[in-house]
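What follows is one structure encoded as structure tokens, with my remarks underneath.
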Amino acid sequence: MVQIHPKTRIGHVEFKVQNLERQIAFYENVVGLEVIKQEANKAYLSGKGGKNTLLVLEKLEDGVLQEPRTTGIYHVAFLVPTREAFASALFDVIRNKNVIDSPAEQEGRYTYSNEILPISRFNSASDHTYSEAFYLQDLEGNGIEIYADRPREQWGEGPGGSTPLDLKELATLVDYEVDGLPANTVVGHVHLRIADVEKSHEFYVETVGFEVQQREDDCLFISAGGYHHHIGANTWNGVNNPHPPAHATGLKVYTIVLPHKEALDEVKERLIEKQHKVNEGTNGFTVVDPSGITVQFEIEKA
97 MVQIHPKTRI GHVEFKVQNL ERQIAFYENV VGLEVIKQEA NKAYLSGKGG KNTLLVLEKL
157 EDGVLQEPRT TGIYHVAFLV PTREAFASAL FDVIRNKNVI DSPAEQEGRY TYSNEILPIS
217 RFNSASDHTY SEAFYLQDLE GNGIEIYADR PREQWGEGPG GSTPLDLKEL ATLVDYEVDG
277 LPANTVVGHV HLRIADVEKS HEFYVETVGF EVQQREDDCL FISAGGYHHH IGANTWNGVN
337 NPHPPAHATG LKVYTIVLPH KEALDEVKER LIEKQHKVNE GTNGFTVVDP SGITVQFEIE
397 KA
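Structure below.
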């Protein structure tokens, strides 16, 4: 059985967007990230005061919105370091942001300007046993999770459930002076919309080497080092859905970070052996998974 290095983690995620300014404003004012570098058509975001890129937004010229029945991102999950940070982020959204049903409703009811904060679509909030989480959707339909892990000894066996958060208890942990997500926030996992569970299992588990934490007919949750999941994948919106065209918004690439070159090369060799096309880069390589999603494998930076 092949196995990826246990210290493997998710790095950053890149989204293609129609309106760069609006999406920057959303991720800064609603999610709580901040721009640490900006180019003409691209912005790099981190936690407040952070140095490591978590999200890259790239403007599409003449781009079209992604169709829901395509492969790509289900949500990107930002992991905050403490339960207090999670509570503060949750209540910041509840307390300060207008919450409405959909981006379409926002377009109809609000005219965007620099003086009006973007409106957040608040989807849900859940206690998953191993973590507490809440979910948003950005202005172009990309899913977002903000969560905090419980200590591993409290995770239990098997997949976590989905029960309501204890809002009364969380309210006692809120720091109302906090502005944004902490500097040491990371991308804890990604959840993908895939075309086929079996083909994704063959790629991510049998070839790349992730371990299965949960598998059902319509979903797969996998990880390295016993984590609850670094990658979630589902066909809840349909089986064998196509990958969107290059000029559509949504996921461009996400990164998987390995601790050293030896671990990276082991994964690369297995991919080449299974006839996957590997494109070499300066700090690693990219490959396209069976759902048409581009994955970048890279080495942890010192």
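By the count of this note's numbering, the sequence shown reaches residue 398 at its end, each step adding exactly one. For every residue, glycine included, the Cβ atom is placed at its ideal position computed from N, Cα and C.
The beta carbons of residue 113 and residue 153 sit closer together than 8 Å.
The C-beta separation of residue 188 from residue 296 comes to about 35 Å, leaving the pair out of contact by the 8 Å criterion. Between the region 122 to 141 and the region 346 to 355, the count of C-beta pairs closer than 8 Å stays below three; the two stretches do not touch.
A residue is called buried once 16 or more other Cβ atoms fall within 10 Å of its Cβ, and residue 183 is buried on that count.
Excluding its 5 nearest sequence neighbours in each direction, residue 241 has C-beta neighbours in its own chain below 6 Å: 171, 173, 229 and 231, listed in chain order. The shortest C-alpha to C-alpha distance from residue 235 to any of 101, 382, 115 and 370 is the one to 115. Going by C-alpha positions, residue 181 is about 11 Å away from residue 273. Across the set 337, 222, 227 and 177, the C-alpha of 337 shows the shortest separation from the C-alpha of residue 292. Out of 225, 185, 104 and 270, the CA that lies nearest to the CA of residue 258 is found in 225. Taken in chain order, the unbroken stretches of beta strand (DSSP E) that lie wholly in the region 98 to 172 and span 3 residues or more are 105 to 113, 129 to 135, 138 to 143 and 151 to 155. In the DSSP annotation of this structure, residue 227 is not part of any alpha helix (DSSP H); the continuous beta strand (DSSP E) holding it starts and ends at 227 to 233.
If you draw a straight line from the Cα of residue 155 to the Cα of residue 222, it comes to about 32 Å. Setting aside the 5 residues that flank it on each side, residue 381 is surrounded in the same chain by 364, 374, 375 and 393, each with a C-beta closer than 7 Å to its C-beta; the list follows chain order. With fewer than 16 other Cβ atoms from the protein chains shown falling within 10 Å of its own Cβ, residue 220 counts as exposed.
For residue 372, the CB contacts under 7 Å within the same chain, skipping 5 residues up- and downstream, are 383 in chain order.
Judged by DSSP secondary structure, residue 294 falls within the alpha helix (DSSP H) whose first and last residues are 293 to 297.
Annotated three-state conformation of residue 269 is coil, per DSSP. Scanning its chain for C-beta atoms nearer than 8 Å, with the 5 sequence neighbours on each side dropped, one finds around residue 239 the residues 169, 170, 171, 172, 219, 231, 232, 233 and 287, in chain order. Minimum Cα-Cα distance from residue 107 among the listed residues 325, 300, 321 and 283 corresponds to 283.
Collapsing the DSSP output to three states places residue 248 in a helix. Going by beta carbons, residue 276 and residue 144 fall inside the 8 Å limit.
Around residue 346, the same chain offers 111, 112, 162, 168, 169, 238 and 340 as residues with beta carbons nearer than 7 Å, after the five sequence neighbours per side are excluded. Shown here, residue 181 sits in a helix according to DSSP, grouped into three states.
Of the candidates 301, 261, 252 and 250, the residue whose Cα lies closest to the Cα of residue 243 is 261. Excluding five sequence positions before and after residue 185, the CB atoms of its chain that fall closer than 7 Å to its own CB belong to 128, 176, 242 and 277, given in chain order.
Setting aside the 5 residues that flank it on each side, residue 367 is surrounded in the same chain by 303, 304, 374 and 383, each with a C-beta closer than 8 Å to its C-beta; the list follows chain order. Taking every protein chain shown into account, the CB of residue 119 has 16 or more other CB atoms within 10 angstroms, so this residue is buried. Counted as a single uninterrupted DSSP element, the alpha helix (DSSP H) harbouring residue 365 occupies residues 357 to 369. Put simply, the backbone Cα of residue 166 is about 19 Å away from that of residue 158. In the assembly as shown, residue 289 is a buried residue. Its beta-carbon has 16 or more other beta-carbons within 10 Å. In the three-state scheme derived from DSSP, where H, G and I count as helix and E and B as strand, residue 397 is classed as coil.
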